[in-house]
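Chemist: Going by our numbering, the sequence shown opens with residue 1046, and the numbers climb by one from there.
In this text, a Cβ means the ideal position worked out from N, Cα and C, and glycines have one as well.
Please read all numbers here as calculations on a predicted model, not as lab measurements.
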Amino acid sequence: MPQSDPAFQYEPLERFGEGLTTRRPWNTTALRGVEQLNGRVAMLGFAAALVGELISGHGPAGQVLAVVRWYLS
């Protein structure tokens, strides 16, 4: 049954293609913080892949393959 309360309103429709990366978002500071965190985590993952390669002598794909082989044996 549809909502009959006149105070109930849907959010206004956005044009196609508008999202969090356009000038329209309400909370741009939260978006900036999330993107900054994602970038820092990606840098940590890249550094961990380099350290793992230095220690094992295998690249990231070789390390994953070694873990899969170990798990399946």
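(1) To the nearest angstrom, how far is the alpha carbon of Gly1084 from that of Tyr1116?
(2) Taking Ala1094 and His1103 to be in contact with their CB atoms under 8 Å, please state how far apart those CB atoms are, rounded to whole angstroms.
(3) Please list the terminal residues of the continuous alpha helix (DSSP H) segment that includes Gly1104.
Modeler: If we stick to the structure as given:
(1) Position 39 of the sequence shown, counted from the start, is the residue given in the question as residue 1084. Position 71 of the sequence shown, counted from the start, is the residue given in the question as residue 1116. Using only the alpha carbons, I get a separation of about 31 Å.
(2) Here residue 1094 is taken as the residue at index 49 of the sequence shown, counted from 1. Here residue 1103 is taken as the residue at index 58 of the sequence shown, counted from 1. So it is not a contact: roughly 10 Å between Cβ atoms.
(3) Working through the sequence shown from its first residue, we reach residue 1104 at position 59. Here Gly1104 belongs to no alpha helix (DSSP H), and DSSP marks it neither H nor E.
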